[in-house]
Amino acid sequence: MTVSEIKVTYHPCKMSETKLTMSSDVVNIIRTIWDNGIIEMQEEVKILFVNSSNTVIGFYSLSKGGITSSLVDIRLILSVALKCLATGLILVHNHPGGNLNPSNADLAIVKKLNTACKLLDIALLDSIIITKEHYVSFNDEGLI
Numbered sequence: 001m002t003v004s005e006i007k008v009t010y011h012p013c014k015m016s017e018t019k020l021t022m023s024s025d026v027v028n029i030i031r032t033i034w035d036n037g038i039i040e041m042q043e044e045v046k047i048l049f050v051n052s053s054n055t056v057i058g059f060y061s062l063s064k065g066g067i068t069s070s071l072v073d074i075r076l077i078l079s080v081a082l083k084c085l086a087t088g089l090i091l092v093h094n095h096p097g098g099n100l101n102p103s104n105a106d107l108a109i110v111k112k113l114n115t116a117c118k119l120l121d122i123a124l125l126d127s128i129i130i131t132k133e134h135y136v137s138f139n140d141e142g143l144i
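Using full-length UniProt numbering, the letters of the sequence shown correspond one by one to residues 1 to 144.
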């Protein structure tokens with residue numbers, strides 16, 4: 001009898017000691033890894049992972065969707081967080097239409113993700129919506 005082996009890989013690299021203290025720090029990092037050519041065309045979701053001192057461990061490109069939505073798989077987010085030993089994470093996605101107001105779906109997924117994170121003692125530090133030039137932080141707005 002044979003059983004399949006499951007592997008989840010993480011390739012750490014030497015990163016600068018980038019510590020996140022406010023939402024603008026997150027946005028500055030995210031803008032360096034986001035494809036500006038499609039930010040106004042296609043919704044994407046990326047996750048930043050941090051350690052206990054809020055230093056960035058790395059990022060994960062979770063999904064690319066369509067014009068108005070993208071898939072957020074909470075189990076996948078948390079599996080990556082556990083693999084890289086993250087103690088906190090930040091969910092970031094864009095609104096191609098330029099509207100910075102969180103949708104009902106945005107609010108619901110953040111609530112669900114926050115609940116799931118708490119079960120694993122991982123902090124959902126923020127959820128940020130970006131457009132080509134602006135952003136809104138759920139944490140800054142008191143939504144987390």
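Where is the CB? At the ideal position from N, CA and C, for every residue including glycine.
Asked, Found
"In angstroms with no decimal places, state the Cα-to-Cα distance between ILE144 and ILE47.", "16 Å"
"Nearest CA to the CA of ALA123: which residue from ASP106, HIS134 and ASN51?", "ASN51"
"Return the CA-CA distance between ILE38 and ILE128, expressed in angstroms with no decimal places.", "17 Å"
"Between the alpha carbons of ALA116 and ILE74, how many angstroms are there, rounded?", "8 Å"
"Start and end of the alpha helix (DSSP H) containing VAL27?", "23-33"
"ILE67 and VAL92: beta carbons closer than 8 Å?", "no"
"Let's test the definition: count the other Cβ atoms within 10 Å of the Cβ of ALA108 and tell me whether it reaches 16, buried, or not, exposed.", "exposed"
"Given this structure, state the Cα-to-Cα distance separating LYS112 from SER61, to the nearest angstrom.", "19 Å"
"Could you check if ILE90 is buried or exposed, using at least 16 other CB atoms within 10 Å of its CB as the buried criterion?", "buried"
"Here's a check: name, in chain order, each residue in its chain whose Cβ is nearer than 7 Å to the Cβ of ASN114, leaving out the five neighbours to either side.", "LEU124 and ILE144"
"I'd like to know whether the C-beta of ALA105 is nearer than 8 Å to at least one C-beta of chain B.", "In the displayed structure, chain B is absent; only one protein chain is listed."
"Please classify VAL35: is it buried, with 16 or more other beta-carbons within 10 angstroms of its beta-carbon, or exposed?", "Contrary to the premise, residue 35 reads as Asp rather than Val in this sequence. Burial call: exposed."
"Along the chain, where does the alpha helix (DSSP H) that runs through ILE74 open and close?", "74-83"
"Excluding sequence positions up to five away, which residues of its chain have a Cβ less than 8 Å from the Cβ of GLY65?", "GLN42, GLU43, GLU44, VAL45 and LEU71"
"Using a Cβ-Cβ cutoff of less than 8 Å, which residues in the same chain neighbour SER69 once the five nearest sequence positions on both sides are dropped?", "GLU43 and ALA105"
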